[in-house]
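Trainee:
Here it is in C-alpha cells:
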C-alpha cells in the first residue's frame, strides 16, 4: 500500500508536536503538510520560537517541510489526503468546517464539533461502529470531506474499563470519579509552575462537564439523526491538576444496576478485553488495551503511563466499595492515548475501513 | 492560672517536633519533659542526628531540656502533669497504657487506642461531649490516668463540614471521598522522593480503612459500654499521595437521606458553624472552623493550608452532583490541625473542662 | 510621625501583590494609590482576573482602593507622596521617568534605570551612602522627583556576604557563582510547569549579565558624574532555574588578592556584620543581615528563606577551595529581600534620611 | 561468539535493577547469577519486598532466576563468568575482594576500591589504556580474578568534555564546578520527598571529595606502582541535590594554562570526539559521546538525559568566562551512563580486549 499523505493543523503547538513525533516512522502515514498561524520556510524555523519540546529531535523528514497558514485550504488540498487537527477549540470551529467542506477529511483533537450528533467521537476499542454516521454527516452537512473527533483526555483512563464490563452485560448505572491530571494536558506554556510546586489545583476549566457528558455520546448508538446518547448511566466528575508531567489518573467508584461481577471476573474481563483495533492489528493499537496490575500501589504515572507505548490503560486497586459496588484506580497517557496517539488510532481505523484513502492524483 | 507542665513522647520525630514548635509560646502549657528512644543530655543534641525540620529554630527553652527514655515513667511522673504522645503505633501500645496506669494522662496522636470504646477520639468541634467517657475508662480499665486520642489526619478536612450539616438535621447517608494527601503525613524520612517527583502514588497503607471507619466513632454517642458508633452513614475512601509538603485535600461527594439543603444554605451553615472550642475561646481554636471560598480554583494547599494558623478547614467548589446530591473539595493542614495542633486543641479542651490539672506537688 | 502615603505601580502583578501584602501594617507607610494597566473601581476587582496569589487574604484597607491607569500621573500626584514601581522593564522606562519629572519620587524594582549613573542601585547594608547622588540626579536630569532602584534578585544572596568581608579589608578579586533560582523570580504565570517538573533549566534571559555587572555599581563610589563602578573585582555567573517556589541559592567560589582570612574569622565577620539599616533600626531591617549556619546541609530554601521575615541572607558550607580560597553557599528570599521587601527597605532608608517626606498638602 | 554468563551482586537494589533492566537483550552478555543479602527462589520474589522500580517489567528471563547470598562465591563460580557489583561500599569491601581472589572478575560500581592504584577506574572513552594495569593487579595482590571500577556519577558529565580538550593539547589547569544532581543518584528510598518538594539540598555526603579527586586518577598514567595520578589540574566542586529524577547537571568554569581555543574550536572538538568504545563499536557505546546543543536553554534533564540511550553527555551554553576562560553546562544520565550503563560499557571493553572470557565449562 502506498502511504497516505497527511497534514497537521496547529503543528507548532504541544499536540501538534506530539503528532509529528509519533508519526516519525508510521507504516501507513507520511507527513506532507504542516500548518500553523503563519507561513514559515521550514518547520524547524517555525517551531524555533516556542521551542521543540520532545526529548527526541525533530524527525528528519519534518524538519524542512514548509509551514503554511492553516486557512490556506487550497495548499492543503494539493499536498495531503487528510489532516489531523491539533487546533485550539476556537480556530477549530471555522477551520475544521472549511476543510470538511473542501473535501479534506479532518481527524480532530479539538472539542469544537464533539457535540455535533453527526460527528463520531471515537475510542476505537469502544465505538468503532460510530463511523457509520460519516455518510449521513456528509449528506446532511453537504461536506465533501468529513470530521471525526476524539473525546477529552480526562476520560480515557476510565471509559474503556467501564465499557469492557458493560459489553459483558454488567450494567453500570452510577460512576463517581476524581481525576488527578497531568500538567501536559494543558499544553505549553499551560499551567504556571507556581501553581504546581508544592501544590495541586482542584480546577480545570470545563473539564468536569466534558468528563461527565462525553461518555454518554461515546456509549450512544447510531440512529436516523446521528448518534443518540446513552442514557442508562450517570457520572459525577471532580477534576484536579497535580504536579505530574504526563499521565492522567482517575479514582473511580462504580455501581451495577443488574448483577454484580466478582472481583476476579472483573479482572479477567479487563485483561482479556480486545476491540476492533486489536482485531485489525492497527499499527498504533495496544496489544492489550486494559492492563490490570495486582500490586497495591499501582497504577503510578511514572511506572505505567508508557505501557504499550502509551496506548494501553493501566488499572489497579480494584476493591469492594462500601457505598457503591467497586472502586478502582485507572491511568492513561494523556498526550499519547489521550491526544495525538488516540487521533492516529482513529485515522488508522478510518484507513482500514476505507474512509481515508489516497485523494491526491 | 499556673501553666501546666507537659511532656512529649517521641519528641525527636516529625510529629514530636511539631508539638515542640507549636507549644513555643503556649499560654497554658509549658514543656517540662521530653522523651525519645534513648537518653540525651539536651534536646538539641538528641535531635541533631536526624535534624530539626522546622523552618523556625528550636524554641529557646526546649533546646536544653534533657531527653529521657520514653519508658522512664517515673521520670515523667516527677516532671510533668500530662503527656502528648507522638509515638509510632507500635511503641504507643505499651507505653501509653503504662502512662495511663501510672496516673499520667495521655493525649495521643497514635492509632493504638483509637478503637477502644472507652477512649474518646476527639475533634473538639464535633464530639467534645465524648470526654464524658473518661471516668468510665478509668473505672473499667483501672487507670489512674487516662488516654484520649485524635483521629487520622486524612479525615480532618471532610469530617467537620459533614458534621456541620448533620447537626442542622440534614442527614448524610453516603459519602464517596478521594484524598490527595501531603508527603508530611508520612513523617520523615517518610515517602522517598523518587515516589513523588513527576508522580503520585495511589496507596497509603491502612489509610482507607481509617478514613472510612473512624468517622463512625467520632459521630457516635456515649453509652454504658463506652462510645457506640454511628451507623447511619457509609463512607468509601480512596487515598492517594501527591507531591505536596503539607495539606491534605479531599474530593467529596455526598448524598442526603431526608431533605436536601440549597447550595446557599450549605455555605451559610459552614461559614457560621462554631463548636465548643470557639465558645470556650480555646487558645488554639480557629475563629471560624470552616471557611468557604467562592473562587473556582480553591482550596489549594499553598494558599489555604495555613488558614487560621493551620487550624481551620477550607472548603470550596460546592456543586450539584449528577450522581449524589452535592460535591465539594475540602482541605486541612495535616501536621497542624491533623496532628500536633489537633492534639493541643484536645488538651486545651480537657484543661478547660477540668480533666487535666496541676498534678505535681 | 504622620504616615507617608504611598502608591504602587503595577499593583496587580506578582511583585505588586507582594508590596501590598508586605505593607499590610507598615508603621511608616500607608497605601493610598494603586495603578495598573487599566482603571478599576476597586483593587479586589482589578486583581480578580489573574487572581490574588498570596496565602494571606488581600489586606482589608487595600481591597476597596480604586485602581488607576499608571499613566495618570496627576491622580498619583494628588493621592500619594511617592510610589513603588513594580512595573515590567519596558513600561518602567517611560513611566518612571514621567513620575520623576512630575515630582513623585520612584522607588523601583525595575531594571530600566539601573545603569543610569545618577540613579543609586541600593542594598542599604552596603551602599546607603549612594543616596547622596540624588540631588545631582535632580539637577542633571531636571527632575522634580527622583528615581532609586534596587539590584536584581539573583545577587542578593552573595553580595552582602562579599561586602562584609571587603569592608574588613579582605579584598576579593575573583568570584565564580552558580545560582539555583526559584520560580517566583519570573513572576506569574512565569515559568511553565512543564519546564520545572522533574527538570531544571540552565537559562534565565539576561540574568547572568545582571548578576555579573550590577555588583560593580553597587560597590562603586559617588563622584562628579554620578556613581563610578568598582573595578577591583571580576565575577562569573551561571544562572539556573530550579523547581523551588521562593528562595534563590548561590554556590560561590571566591579568591582574595591581598590576605586570606581564616574560616573562623569569616564566620565571625558575617555573623557580626551590621549596616546602616540596623543602626537606624529601620522597620524592615533584619536584625542580623547575614546568618551563618554550621549544619552540613544548610542553607535550604524551605528552612532558611524566611529567616528574619525573609530579609536576612543565610550562608553555610564555608570550605577551603582547591582552586580559589574559599567556597560557600548563600540563600536569600527573592520576592521579599530580593524584590518588594528590598524596595520597602530602600524607602525606609530614604524616609529616615529625609529624601521622602509628606509631599501632599 | 557464545554469550558470556554474568552475575549481578546487589541485584535487588536500585543499581542492581538498572543492570538487570539494561542487560535485557544484550548481544554479548546473559544474566545467569543474581545475588542479594539473602536467598530467594526467584528474583521476582526477592524483589517483591522493596518493589521493582523500572517502568519496563522485569525481563522475562530474569524473573525466575534464583537469588543467592552474595557471599556464596562457590555458587557464583559455578554459574557465571564474571560479576557486576552493585553493592554498597561497605559490603563491597569484603565481597569484591573475595570474588577477585576466587577467580571471578568484578566490574564494580562501588567506591570501595577506587583508590587502589592497581585497580583501573574507567571511563572507556578516556582511559581505556588503564586496563593494562590488570596483570600487575593480579600479580601484586595474588588475585585469580581482578577488579575494575567506574568513577562516581557526579563527574561523568564534565570529565569527557574536559578530556576531549586536553587530548587536543589544550591544557586545562583549573576547574570550578557546581553540580545539580538527581534524586536517583541516592538510590531508593534515598532522598526523602520532604527534602525535595519546593527545595534543594546543598549537600551530598562525600560527593565533593569524589568529584574533585577521582578525575586525577582517571587522567593518570599506568606506571610501575599502578596508576599514577595526574597532577596538572585542580578542581573545586560544590554538589547539590535537586528535585529531578534522573540526570546530573554540572555548571563548569575552566581555565587553560597554555593556549586558549576559540569557542568554535571547542564545539568542533566536542562534537567530533570519539574514543575506543566508538572505534570498537561496543554495543553500549554512544555513537557520539559528546553532543553540543546550540540552544540557549540546553542541556535540560528532561530533554537530554536520554541522548543516545542515556550514554552520551550533552553540553551547552559554552560562553566566555569573565574570571576563567570559558564556562559551560554539561549533563549525563546518572543511572545509565553514570552507573549500570557505564559498568556494562566497561565490561564490553574488557570482553573486546580479552580480559573477560568464557570461564565456565
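Chains as they are written, first to last, in the numbering used here: chain D, 1 to 361; chain V, 1001 to 1361; chain S, 2001 to 2361; chain E, 3001 to 3361.
Ideal Cβ placement from N, Cα and C applies to all residues, glycine included.
Fair warning: this is a prediction, and the values are worked out from it, not measured in the lab.
1. Which residues in chain E sit within 9 Å of residue 2055 of chain S, going by Cβ to Cβ distance?
2. Helix, strand or coil for residue 2054 of chain S, going by three-state DSSP, please let me know.
3. Could you tell me which residues DSSP pairs with residue 1236 of chain V in its beta bridges?
4. What residues from the segment 3094-3111 of chain E come within 8 Å of chain S, judged by C-beta to C-beta, listed N to C?
5. Tell me whether residue 1241 of chain V sits in a helix, a strand or coil according to DSSP, three-state version.
6. Identify the residues that DSSP records as bridge partners of residue 1029 of chain V: which are they?
7. Which partner residues does residue 3355 of chain E have in the DSSP bridge list?
8. Check residue 3270 of chain E in the structure and name its three-state DSSP category.
9. State the beta-bridge partners of residue 1192 of chain V as determined by DSSP.
10. Give a yes or no on contact between the segment 351-358 of chain D and the segment 1307-1323 of chain V, applying the rule of three or more CB pairs nearer than 8 Å.
11. Chain E partners of residue 303 of chain D, CB-CB under 7 Å?
12. Taking C-beta pairs closer than 7 Å, name the residues in chain S that residue 1198 of chain V reaches, listed in chain order.
13. Which residue's Cα is closest to the Cα of residue 3151 of chain E: E/3172, E/3202, E/3121, E/3180?
14. Determine the burial state of residue 3128 of chain E: buried for a count of at least 16 other Cβ atoms within 10 Å of its Cβ, exposed for fewer.
15. Using DSSP's beta-bridge definition, name the partner residues of residue 3349 of chain E.
16. Report the three-state DSSP secondary structure of residue 168 of chain D (helix, strand or coil).
17. With a Cβ-Cβ cutoff of 8 Å, do residue 2346 of chain S and residue 2148 of chain S count as a contact?
18. When you compare the CB of residue 3306 of chain E with every CB in chain D, is at least one pair closer than 8 Å?
19. Grouping DSSP H, G and I as helix and E and B as strand, with all else coil, what is residue 3092 of chain E?
20. Between V/1297, V/1252, V/1119, which has its C-alpha nearest residue 176 of chain D's C-alpha?
21. May I ask you to report which of helix, strand or coil DSSP gives residue 203 of chain D?
22. Are the C-beta of residue 1275 of chain V and some C-beta of chain E separated by less than 8 Å?
23. Need the endpoints of the beta strand (DSSP E) that residue 2228 of chain S sits in, please.
24. Shortest alpha-carbon distance to residue 2108 of chain S belongs to which of S/2350, S/2351, S/2360, S/2343?
25. Which chain V residues sit within Cβ distance under 9 Å of residue 3010 of chain E?
26. Find out if the Cβ-Cβ distance for the pair residue 3032 of chain E, residue 3006 of chain E is shorter than 8 Å.
27. So with Cβ pairs under 8 Å, would you call residue 3194 of chain E a contact of chain V?
28. Would you check if the distance between the CB atom of residue 154 of chain D and the CB atom of residue 137 of chain D is smaller than 8 Å?
29. Taking residue 172 of chain D as the reference, give the member of D/297, D/232, D/220, D/146 with the closest Cα.
30. Strictly under 8 Å for the Cβ-Cβ distance: is residue 3189 of chain E near chain V by that measure?
31. Could you tell me which chain V residues have their CB closer than 9 Å to the CB of residue 180 of chain D, listed as they occur along the chain?
32. Out of curiosity, what's the CA-to-CA distance linking residue 3002 of chain E and residue 3028 of chain E?
33. Which full runs of the alpha helix (DSSP H) of 4+ residues lie inside the segment 2075-2128 of chain S, going along the chain?
34. Which bits of chain E does residue 2249 of chain S rub up against, with CB to CB less than 8 Å?
35. Answer yes or no: the CB of residue 321 of chain D versus the heavy atoms of the ligand SAH, is any distance below 7 Å?
36. Measuring CA to CA, which of E/3289, E/3296, E/3319, E/3320 is closest to residue 3305 of chain E?
Mentor: Short version:
1. Ordered by position in chain E, no residue passes the 9 Å Cβ test against residue 2055 of chain S, which lies about 13 Å from the chain.
2. coil
3. V/1176
4. none
5. strand
6. V/1004
7. None; residue 3355 of chain E has no bridge partner.
8. helix
9. E/3192
10. no
11. 3055
12. 2197, 2198
13. E/3121
14. buried
15. None, per the DSSP bridge assignment.
16. coil
17. yes
18. yes
19. helix
20. V/1252
21. coil
22. no
23. 2226-2228
24. S/2343
25. Here the premise fails: no neighbours, minimum Cβ distance about 17 Å.
26. yes
27. yes
28. no
29. D/232
30. yes
31. 1178, 1180, 1200, 1202, 1240, 1242
32. 8 Å
33. 2089-2101, 2124-2127
34. 3200, 3202, 3240
35. Annotation note on the ligand SAH: not contained in the displayed structure, which lists no ligands.
36. E/3289
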